[in-house]
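Chemist:
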Amino acid sequence: MRQFIQKIQHHVYLIGLIMSLFLVLLCEACGRGSLLLGLRFAVEHPFAFSFDVFIIFLTWSFAIFFKRRIFYYLIVITLWGAIGITNGVILGYRNTPFTFVDVQLAKTGLDVMNNYMSQVK
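Using this note's numbering, the first residue of the sequence shown is number 1249, and each one after it goes up by one.
Below, the structure is given as structure tokens:
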């Protein structure tokens, strides 16, 4: 196990590229509703897919500054995975994707939530 962790720590860029591809595919699959449609997007729109991979790879590239790279990898996976799943859920209810405006309106939504939902007792 220790040798495996050491190999991961020495191949930061390769691991980052592979995980970026995986995370973009996960986000696209969640947003489009299936893994096949996510793969189809990658084949039909390679420039957009590559640009998405590059954006996520930039977040992976900061791992070279940390000693605890695996912990940093887990944080990045969790954040990008949560964003992708949230985008997929929101696209299921409306036709617009998850944006920063949704994050800004979260407090307003929590304030008016009591008007539309009963409290659990």
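Even glycine gets a Cβ: it sits at the ideal position worked out from N, Cα and C. In this text, all values refer to a predicted model and were calculated from it rather than measured experimentally.
(1) Which of helix, strand or coil does DSSP assign to Thr1356?
(2) Give the DSSP-derived three-state secondary structure of Pro1345 in the structure shown.
(3) Can you tell me whether DSSP reads Lys1315 as helix, strand or coil?
(4) By the three-class DSSP mapping on this structure, what secondary structure does Gly1281 have?
(5) How should Phe1330 be labelled, buried or exposed, when 16 other C-beta atoms within 10 angstroms of its C-beta is the threshold for buried?
Modeler: For this structure:
(1) Taking the sequence shown and counting its residues from 1, one reaches residue 1356 at position 108. Here Thr1356 sits in helix by DSSP.
(2) Within the sequence shown, the letter at position 97 stands for residue 1345. Three-state result, Pro1345: coil.
(3) By 1-based counting over the sequence shown, the position of residue 1315 is 67. In the structure shown, Lys1315 sits in coil (DSSP, three-state: anything other than H, G, I, E or B).
(4) Taking the sequence shown and counting its residues from 1, the one referred to as residue 1281 is at position 33. Coil.
(5) Counting from one through the sequence shown, the residue named residue 1330 turns up at place 82. Before going on, a small fix: residue 1330 reads as Ala here, not Phe. It is exposed - the Cβ of Ala1330 has fewer than 16 other Cβ atoms within 10 Å.
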